[in-house]
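Notes follow once the structure below has been shown.
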Amino acid sequence: MSITTTTHLNFRGEARAALEFYRSVFGGDLVAVTYADLGAAQDESEADQVIWGQVRADNGFHVMAYDVPGRLAYSPGENAYFVSVRGETVEEVTGYWDKLADGATVVVPLGPAGWAPAYGMLRDRFGVVWVVDVAAPYNG
Numbered sequence: 001m002s003i004t005t006t007t008h009l010n011f012r013g014e015a016r017a018a019l020e021f022y023r024s025v026f027g028g029d030l031v032a033v034t035y036a037d038l039g040a041a042q043d044e045s046e047a048d049q050v051i052w053g054q055v056r057a058d059n060g061f062h063v064m065a066y067d068v069p070g071r072l073a074y075s076p077g078e079n080a081y082f083v084s085v086r087g088e089t090v091e092e093v094t095g096y097w098d099k100l101a102d103g104a105t106v107v108v109p110l111g112p113a114g115w116a117p118a119y120g121m122l123r124d125r126f127g128v129v130w131v132v133d134v135a136a137p138y139n140g
């Protein structure tokens, strides 16, 4: 088993443009899944915004991004990133989750999600937001 950590950037309506820019700088493949793609749009004006996206290049560059929905607080420069820990199995990521959760505030409990076998988000005791999930192949 192995895990990866990836910088996960947060935007308000600019995730796709940012990912396209980073791809133009570093090369690689871009994937952008919208709220509409997953039937998760709570506000129709945000349906085409990115719920999950990434640029991954053969040179090792990897960044993930999403658009923070309007119903959640967001200020550029504050909560500008998450640390993403992605594992291969639910059992594996649950072990990391349980340890990170010590003294943490759970934002989204670890459990199945529409895009992954397991997904959860927490703010650890030091104020760092962690997204923990199991990689699921994207067939878009």
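The sequence shown begins at 1 in our numbering and counts up by one. Positions of the beta carbon are idealized from the N, C-alpha and C atoms, including for glycine. The structure presented is a predicted model; accordingly, all values stated were derived computationally and were not measured.
Within the same chain, Ala57, Asp58, Asn59, Phe61 come within 8 angstroms of glycine 27 by CB-CB distance, once the 5 residues on both sides are set aside.
Taking the C-beta atoms as reference points, leucine 38 is found nearer than 8 angstroms to glycine 114. Beta-bridge partners of leucine 122 (DSSP): Val106, Trp130. Methionine 64 is bridged by DSSP to His8, Gln54.
The C-alpha of threonine 6 lies about 20 angstroms from the C-alpha of alanine 104. The C-beta distance from alanine 40 to isoleucine 51 rounds to 6 angstroms, short enough to fall under 8 angstroms. Of the other Cβ atoms in all chains shown, fewer than 16 fall within 10 Å of the Cβ of threonine 89; this residue is therefore exposed.
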